[in-house]
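In the numbering used here, the protein residues as written are 1 to 384. Where is the CB? At the ideal position from N, CA and C, for every residue including glycine.
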Amino acid sequence: MIYRSFGTTNIKLSQIGFGAMRFPLTEEYDPTKIDEVKATEMLHYAIDNGVNYIDNAYPYHRQTSEIFLGKALRDGYRERVYLATKMPVWLVKSKDDSIKYFEEQLLRLQTDVIDMYLLHSLSKNAWKTVQECNVLGCLDEMLNAGKIRYAGFSFHDELPLFKEIVDAYPWTFCLIQLNYVDIDYQAGLEGLEYAHKKGLAVMVMEPLRGGKLANNVPKRVLEIIGGSRWKQTPAQFALRWVLNRPEITCVLSGMSTLAQVKENIAFASGEHIDTLTADELQLYAQAREFYRSRTKVNCTQCGYCMPCPQKIPIPFILEIYNDARMYGAIDDSRWMYKVFVKPEHRADRCTACGECEEKCPQKIPVAKFMAEADSLLRQSGDDA
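Below, the structure written as structure tokens:
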């Protein structure tokens, strides 16, 4: 396993970290039904083979992932890893809530200290909550009390806000979405470079875009991958691009099978920083352009269309609809639609009132795409 520096600290983290949001299940459509035998085997194998960073969050597996992880890290495994989890900022209404959820997470994880604690999924609204509820003051208190070792945040919004948040607090690290397709999405490459120059360790999520860059890969992309000097899988092709960047400390992988764990660990046992040539980087540009040419809806996830009077999560539905079209990830998007969107909030409840279309900077015909998305994503037998 290759290890990289965690910002300006003396800590070294495995360049692949274990994301605890996609454990195998015993029931396909119930994320709370973690297959604990298989998931424990995966975790222990990863730790025994050098992975020392485990990333979790309050809502993962509908609030059961932290509980499972607390059990799985018994028998000495907790002491061998840096444990990260995230505050559910969207649930916070006061500073006392920040403390309440943190103490609950300590109990779930069966630990006295969280090594790396993040404010989860910061966006415009979440950042407003952080400021109004003095969440940063809460972080200070927990750091001073030794209950957390390092403070960070994960991010899902636009670049200017990312820079504002980076500059607002002495963070040790941040977590951003980045892969060879999403180079200018949310924080993007510019955000990566900005945070790194400010001294933050940068962790990366979605290096395979939830597996979409590894599964059902189009023939054209396979041809592009074949133009590289390496014999590699699509997953390795995608991971190589992220791990090529020296600014990145750790790349999180939400692994669901032991085979994935073994493949990723084997790949992470090699040095990848600055190993891609200009010609090889051009291959990624070609693959990126191919995927982008298949974009169905030009949605930037800005959220200006929200709230919807029918409580339809418009940006989320457009995102998984795009994923189905761009990456051929129809089954995955259908699973997301069924599991994460309540029947009463699905796209077929759109009344075409036009309120969202008036507010959309991209002038997207939302009602039209709501009908198309529901038709594609709804499975026979789904609740009406």
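- Here A266 is exposed: its Cβ has fewer than 16 other Cβ atoms, across all protein chains shown, within 10 Å.
- Our two residues, T257 and E355, have alpha carbons roughly 43 Å apart in a direct line.
- In the three-state scheme derived from DSSP, where H, G and I count as helix and E and B as strand, I2 is classed as coil.
- The region 199 to 208 makes contact with the region 3 to 22: 3 or more CB pairs, one atom from each, lie closer than 8 Å.
- Taking C-beta atoms as the reference points, M205 and Q177 count as a pair closer than 8 Å.
- Going by beta carbons, Y58 and T32 fall outside the 8 Å limit.
- If you look at H120, you'll find it in the beta strand (DSSP E) that goes I114 to L122.
- Judged by beta-carbon spacing, G254 lies within the 8 Å limit of M21, meaning their Cβ atoms are closer than that value.
- Exclusion of the five residues before and after E271 leaves I2 as the residues of its chain whose Cβ lies within less than 6 Å of its Cβ.
- Collapsing the DSSP output to three states places D331 in a helix.
- One Cα belongs to E344, the other to P309, and the distance between them is close to 12 Å.
- Per DSSP, reduced to three states, the secondary structure at T129 is helical.
- Around D115, the same chain offers Y82, L83 and R149 as residues with beta carbons nearer than 6 Å, after the five sequence neighbours per side are excluded.
- Beyond the five residues adjoining it in sequence on each side, Y101 comes within less than 8 Å, by CB distance, of Y58, M87, P88, L91 and V92 in the same chain, given in chain order.
- D55 is bridged by DSSP to G19 and A84.
- N179 counts as buried, since no fewer than 16 other beta carbons sit within 10 angstroms of its beta carbon.
- Under DSSP, M336 forms no beta bridge with any residue.
- Counting other Cβ atoms within 10 Å of its Cβ, W230 stays below 16 and is therefore classed as exposed.
- Counting the other Cβ atoms within 10 Å of the Cβ of C138 gives 16 or more, which makes it buried.
- Under the three-state reduction of DSSP output, I265 falls in the helix class.
- When the Cα atoms are used, L281 and W241 turn out to be separated by approximately 8 Å.
- Here the alpha carbon of M306 sits roughly 8 Å from the alpha carbon of P315.
- No residue range can be given for Y169, since it is assigned to no beta strand (DSSP E) and is classified by DSSP as neither H nor E.
- Taking a cut-off of 8 Å for Cβ pairs, the region 326 to 334 and the region 365 to 379 touch, as three or more such pairs fall below it.
- Unbroken alpha helix (DSSP H) stretches of 4 residues or longer found wholly inside the region 168 to 243: 188 to 197, 219 to 226 and 234 to 243, given in chain order.
- Taking C-beta atoms as the reference points, L13 and C250 count as a pair closer than 8 Å.
- Within the model, the alpha-carbon separation for E193 versus V181 is close to 17 Å.
- One Cα belongs to L252, the other to M326, and the distance between them is close to 23 Å.
- K128 is the residue among A39, K128 and T275 whose C-alpha sits nearest the C-alpha of A168.
- Separation of K219 and T277 (C-alpha to C-alpha, rounded to the nearest whole angstrom) is 23 Å.
- Checking the DSSP bridge columns, you'll see A151 partnered with Y117.
- In this model, S121 and L243 are separated by some 23 Å (Cα to Cα).
- Straight-line spacing of the CA atoms in Q286 and R349 works out to 38 Å.
- In the DSSP annotation of this structure, the continuous segment of the alpha helix (DSSP H) that includes C138 starts and ends at V135 to N144.
- If you check the CB distance, A367 and E357 come in under 8 Å.
- A39 sits close to F23, with the two beta carbons spaced by under 8 Å.
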